[in-house]
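Below: the structure, in C-alpha cells.
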Amino acid sequence: MNAASLETLILPLSALYHSPRNARKRGEYNIEGVRSLAECIMQMGLLQNLGVCEEPSVEPGEESRPFGVVLGGRRLAAYNMLLDEGRIDPNHPIHCLKLKDDLTIASLVENTQRENMRPADEYEKIREMSEVLGYSVDRISDLLGVSALVVERRLELSKAHPELIQDFRDDKITTNQLIALCTTTDRARQLEVWRAAKYPAMRDPKELRKKVLAQRIDCGSDPRIKLIGGLAAFRAAGAVVHGDLFSDSGDAGISEDVGLLEKLVVAVAEAKVSELETEGWNWVQFLPEGRDSAYWRLGNAVPSSALSDEEFASTHPDLAAEIARVEARIAEIEAQEDEEAFNAEYGQLEDELSDLSERRDMACAVYSEEQKAHAGAVVWFDEDQIMIERGKVRTEDRKGASAATGTGVVGGREKASAGRKEAAMSDAITRSLLGRRNALVQLQVAQNPRVAKVLLAVSMASLVTFDSRGFGVRNRGVCDLTLSNFSDGARLEHPTVGSDGEALRGLLRSSIAPLVEGMPESPSERFVFLSEKSDAVLDAIIAHGVGAAVSVNALHKGATATLLESLDFQIGDHMEITADNFFNHVPKAITLSSLKDAGQDYELAVLEGMKKDVLAAEAERRIKGTGWFPELIRSPARQAAPQESAGTNQAPKTGATTPAKKLAGKKAADKKPVSKAAKAPAKRAKAK
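Residue 386 in my numbering sits at position 336 of the sequence shown; the count goes up by one each step and never skips.
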C-alpha cells in the first residue's frame, strides 16, 4: 500500500464498525487489555489512527454504518467501552486513515508486526516519569494503563546493580528474576548470585531469592561493614570473623553473625533518626529495604527555599569537598584532552557527579516550620552511604500539606488504595473539573495584561534572585512559564468531559490568532514584525503566553488564592454545572448529594427512583441559577471590596467571537447563574 492510497478523515464513533476484513475477529480482544487501552485513550488521546474502508455495514437489525475499521479493532473496542460507560458520546471524533486497496493484507501486517513494549523500556519510562517529571504513582498508572502495583514494582528495580540493569535491557534477565535479586539492597550480592547461577534451575526466581538472602557476610565487600565503622567495630561488638585466605585486604573476612550486623546497622539508622527528629519533622522513618514501594508511595513537598553555595559548603563540608574533587578531575581530563583517561574515567566520573549532585540538592532543600508539621524525613542506606531525604509526605497527609502551603505535593500515591468508594467521583471527572476551571483562569489572565505582567515579574525575579537548583518540576507555583501537560494540582490539557471540551481548550488559540495574524516563521523576521506592534498589542500577546502557562492548584491557598483574588475570579461568572459536563459522569449517589448540598433535594423518593440519565437532566434543571458548584472548584465568597492592586486594564479586542461562558457549560448561555456568594456587584474580567 503506498502513501497515495491513504486519506486522513475525522469520523464520529457512530460511523464506525468492526470490518470483517480485519485480521482479528470481534470478541478476540482481552477485556482487561481493552480497558487499559481505554484509560490510555482518555488520558493521552488516540496515539495511532484507525484504518478504515468505505464499506457500509450489513448487520441485520442494526443501523448501517458507512466505515469499517480494518486497522485498529482493539482501539475501536476501547472507544465502544468508553461509550458504554457514558464517558464519551456517539459523535466523539476519531482520526482515521481511509484505505483504498490491499485491505486484508494491511490488517494482517499491522497485527503480525505489532511488538509490545520491552520490559526494560517500560522500566526506564516509568523511572523517568517518577524521578525526572515528578509524576505520582497514580498518574503513571493512569497514563500507561497498568495497575499502581505494577508501577511500584518497576520502580523498586532501581535497587538493582547497574550491570543487571544492562542485562535487563539486553534481554539476558527477566523481570521476575531481577525482582528476586532485588530482594536484597546489596548490589554486589545481587551480581554475585546472578553470575554464579550457571544453569536454568539456578536462575529460577525462587532460587535466586533464596541465594541472595543466604546467611553469610563477606566483610570485605559488604557495604554495611563500612556503615557501622569498619571491621574493627564489628569485632568489638562481638562478631566472630574468619580470615579470608584469598584476599589481601585488611578488612577481609567471613562472618555468619548476620543478626548482629543487622542490629548494628539499625542502631546507626536509629541514631540518625533521632538526630532528624530534633529538626521538628512530623515523623521520621528508617527504610531498611531502601527505596522500596513504601518510599515510592511518599510524595514530595516543595522546598520553601534553598541553601546558598556558601551555606552548603559550611554545613556539608565532606560532601562539598567530594563534589569539588570530582569536578576538578573532570576539568583536568577535559583540559588535557587525555583520550585514554577520557575512555577509562570520564563516564564513571559523570555518573558519580550526578549521584553527588542529587545528594547536594537534597541537602540544600530548606523547609518552613509549617511544612514540617505536615511532612517527614526518611533514612535509608545506599551501598555504604547514609541517605537522608526531607520533605516527604504520606498519602494521608497530602491534603493537609497542600492546604498549609498552597503549593501542592509532587509524586507518590495520591490515594490510599487502588479502588474507590462507590459514591466517589472518578479521576476522570475530577481532572475534568480542574481542567475546565484552569482553562477559564488562563483566559482571564490572557485578558488582563497587568496581572500577566505581575506573574511574569514574579518568575523573572525568582530566576535572578533565588537558587532553585535541583528542585526542577517541584518548584512550579501557579506559573513557571513552561507549557506542558504537568503541574501541581490542575494540569494543563486535562481531558475535559462535555460536548464543549474541545472548544474550551481552543479558546486561547482562537483569542490570540488575530494578534499574530501574518507573523513570519523566521525569528529575525518575527522580531521586526512584532517591533512594529503597539505596546497594547505586545502586552496582549505576552498576556496570552503567560496565561497559557498558568496552572492553578486545586486548593484556594497561597499563590493560587492570590492570583484568583487579583482577577476577582468567581467560577459562577464563567460556567455552570450541567448534565453534559458533570451529572452524566458521576454516580447517582453523587448527584443526589449534590442536590442536597444545593438545597434542591425535595421529592427525594422520586429522585431516587429515576434512571441515571433522567436524574442527571433533572439535576441540571434544579441546579440552574442556584450558583452551586462541586466543592472541588467552588469559589470562596466574594469580598465586599475586591482587590484592584494588580490592575484591571484589559487586552485589546482580538476578534474572537465565542464567549468563554458559552463554551464553559452546555447551556450556560441560557441564563447566567446567580451565586449565593456573589450578590455584591464587582468588577470582573469577562471573556471577549
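Note that the Cβ used here is the ideal one computed from N, Cα and C, for glycine as well.
Can the beta-carbon of Gln421 be found less than 8 Å from the beta-carbon of Ala454? With respect to Ala454, Gln421 sits close: the two C-beta atoms are nearer than 8 Å.
Is the distance from the Cβ of Ala363 to the Cβ of Ala356 below 8 Å? no
CA nearest to the CA of Glu109, picked from Ile591, His68 and Val566: His68
In DSSP terms, what Cys103 is bridged to: For Cys103, the beta-bridge partners assigned by DSSP are Gly118.
Please report how far the alpha carbon of Ala629 lies from the alpha carbon of Ala669, in whole angstroms. 7 Å
Among all the DSSP beta bridges, which residues are the ones paired with Gln435? Asp432
Do Ile479 and Phe579 have their beta-carbon atoms positioned less than 8 Å apart in this structure? no
Round the Cβ separation of Thr234 and Val201 to the nearest angstrom and send it over; I've been treating them as touching at under 8 Å. That belief does not hold up - the Cβ atoms of Thr234 and Val201 are roughly 22 Å apart, past 8 Å.
If you measure between the beta carbons of Cys103 and Arg71, is that distance less than 8 Å? yes
Just curious, the beta strand (DSSP E) that Phe336 is in, first and last residue? That run of the beta strand (DSSP E) goes Trp333 to Phe336.
Ignore the nearest five residues each way along the sequence and tell me which others in Thr641's own chain have a CB closer than 6 Å to its CB. Phe633, Leu665 and Ala669
Going by the beta-carbon positions, is the gap between Ala423 and Gly441 smaller than 8 Å? no
His594: first and last residue of the uninterrupted alpha helix (DSSP H) it sits in: Asp585 to Ala598
Roughly how many whole angstroms lie between the Cα atoms of Pro212 and Ala489? 44 Å
Skipping 5 residues on each side, what residues in its chain have a beta carbon closer than 7 Å to that of Gly288? Leu310
Going by the DSSP bridge assignment, what does Cys146 pair with across the sheet? Leu59 and Leu100
Taking C-alpha atoms, which residue in Leu645, Val290 and Glu653 lies nearest to Glu681? Comparing Cα-Cα distances from Glu681 to each of Leu645, Val290 and Glu653, the minimum goes to Leu645.
Would DSSP call His211 helix, strand or coil? coil
In whole angstroms, what separates the C-alpha of Gln581 from that of Glu626? Just to set this straight, residue 581 is Ser in the shown sequence, not Gln. Cα to Cα, the separation comes out at about 41 Å.
Would you tell me roughly how many angstroms separate the C-alpha atoms of Lys662 and Leu59, rounded to the nearest one? 34 Å
Where the alpha helix (DSSP H) containing Tyr173 begins and where it ends: Pro169 to Glu181
Which of the three DSSP states, helix, strand or coil, is assigned to Asp268? strand
Assuming Tyr345 is part of the alpha helix (DSSP H), what are its boundary residues? Ser343 to Trp346
What residue does the alpha helix (DSSP H) around Gly485 start on, and which one ends it? Asp477 to Ala496
Would you check if the distance between the CB atom of Ala756 and the CB atom of Gly597 is smaller than 8 Å? Only positions 51 to 738 of the chain appear in this structure, which leaves residue 756 out of reach.
From the DSSP secondary-structure annotation, give me the bridge partner or partners of Ser355. Val416
Distance, Cα to Cα, Leu241 vs Met475? 46 Å
Assumed close pair Val231, Leu199 - CB separation to whole angstroms, cut-off 8 Å: For the record, residue 231 in the displayed sequence is Leu; it is not Val. Between Leu199 and Leu231 the Cβ distance is about 19 Å, and since that is not below 8 Å, they are no contact.
Go ahead and pull the three-state DSSP assignment for Leu66. strand
Where Gln435 and Gln227 are concerned, what is the direct C-alpha to C-alpha distance, given to the nearest angstrom? 26 Å
By alpha-carbon positions, which one of Glu433, Pro564 and Gly675 ends up nearest to Asp405? Glu433
Within 10 angstroms of its Cβ, does Glu113 collect 16 or more other Cβ (buried), or is it exposed? It counts as exposed.
Restricting to Cα atoms, I'd like to know which of Arg237, Ser601 and Met92 is closest to Asp139. Distance check between Asp139 and each of Arg237, Ser601 and Met92 places Met92 closest, using alpha-carbon atoms only.
Enclosing alpha helix (DSSP H) for Phe579 [first to last residue]: If you look at Phe579, you'll find it in the alpha helix (DSSP H) that goes Pro573 to Ser581.
Have a look at the DSSP bridge pairing and note the partners of Arg440. Answer is Ala427, bridged to Arg440.
Nearest candidate by alpha-carbon position, reference Trp331, set Ala427, Leu314, Lys248 and Asp268: Ala427
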